[in-house]
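The listed protein sequences derive, respectively, from chains A and B.
So the first sequence is numbered by my numbering: it starts at 63 and just counts up by one.
So the second sequence is numbered by my numbering: it starts at 489 and just counts up by one.
Even glycine gets a Cβ: it sits at the ideal position worked out from N, Cα and C.
All values derive from a computational prediction rather than experimental measurement.
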Amino acid sequence: EPEVTQTPSHQVTQMGQEVILRCVPISNHLYFYWYRQILGQKVEFLVSFYNNEISEKSEIFDDQFSVERPDGSNFTLKIRSTKLEDSAMYFCASRYLLTTDTQYFGPGTRLTVL
Amino acid sequence: GIQVEQSPPDLILQEGANSTLRCNFSDSVNNLQWFHQNPWGQLINLFYIPSGTKQNGRLSATTVATERYSLLYISSSQTTDSGVYFCAVPSSGGYNKLIFGAGTRLAVHP
Numbered sequence: 063e064p065e066v067t068q069t070p071s072h073q074v075t076q077m078g079q080e081v082i083l084r085c086v087p088i089s090n091h092l093y094f095y096w097y098r099q100i101l102g103q104k105v106e107f108l109v110s111f112y113n114n115e116i117s118e119k120s121e122i123f124d125d126q127f128s129v130e131r132p133d134g135s136n137f138t139l140k141i142r143s144t145k146l147e148d149s150a151m152y153f154c155a156s157r158y159l160l161t162t163d164t165q166y167f168g169p170g171t172r173l174t175v176l
Numbered sequence: 489g490i491q492v493e494q495s496p497p498d499l500i501l502q503e504g505a506n507s508t509l510r511c512n513f514s515d516s517v518n519n520l521q522w523f524h525q526n527p528w529g530q531l532i533n534l535f536y537i538p539s540g541t542k543q544n545g546r547l548s549a550t551t552v553a554t555e556r557y558s559l560l561y562i563s564s565s566q567t568t569d570s571g572v573y574f575c576a577v578p579s580s581g582g583y584n585k586l587i588f589g590a591g592t593r594l595a596v597h598p
């Protein structure tokens, strides 16, 4: 069964460094999402992406964050200058149809900012 | 925006027991998903269930969309069922981002 993949599984970085989290969505999917989960809390929406542009973003998704689909298969989340509070699990998700379809989640990248 | 509430927040079971987890949502929705977060933090899709009942092995789910709730049943629980169970519904409008509940943390003891 097709699945969403994410790399790396765990990333440790120093405060102020840039990180890029990578995702490969399911190949025929059209809608892409990033979510994050701070340890012990609920999963929160960050951003959605469709037709090569951001379709919706949350208040969390400030100027330090950016997303890109550089080559038609990868979907990346960049954090320009990491803060301690960016430490979280980051999930990528994709779906084929907008309203009547399962959103499939990747296994997540655990980001630790020191 | 839509609110999602899950109950109970915590549940402790002996292996072999049955349980029911509940998800209430504040507005009408056109789909609902249940997830299991395992000890490694991965979110595992359990059900996509906008209405009606579905079964998958020892797990089943029922959504009553008109009354704005969904139930997840776990029968004959096993230690591997431990983890956090989340329900999530799409926000109205926009690109259907999922709104998650706070989860039910389940611990199954041998």
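With a cutoff of 9 Å on beta-carbon distance, residue 156 (chain A) and residue 74 (chain A) are scored as not near each other. Of the other Cβ atoms in all chains shown, 16 or more fall within 10 Å of the Cβ of residue 571 (chain B); this residue is therefore buried.
The beta-carbon separation of residue 64 (chain A) and residue 171 (chain A), rounded to 19 Å, does not stay under the 8 Å limit for a contact. Taking 9 Å as the cut-off, the Cβ atoms of residue 537 (chain B) and residue 550 (chain B) count as close. At least 9 Å separates the beta-carbon of residue 564 (chain B) from that of residue 526 (chain B).
Taking 7 Å as the upper bound on Cβ-Cβ separation, chain B lies near residues 104, 105, 107, 110, 112, 117 and 118 of the region 101-121 of chain A. Distance between residue 94 (chain A) and residue 541 (chain B), taken at the CA atoms: about 28 Å. Here residue 509 (chain B) is not near residue 586 (chain B), since their CB atoms are 9 Å or more apart.
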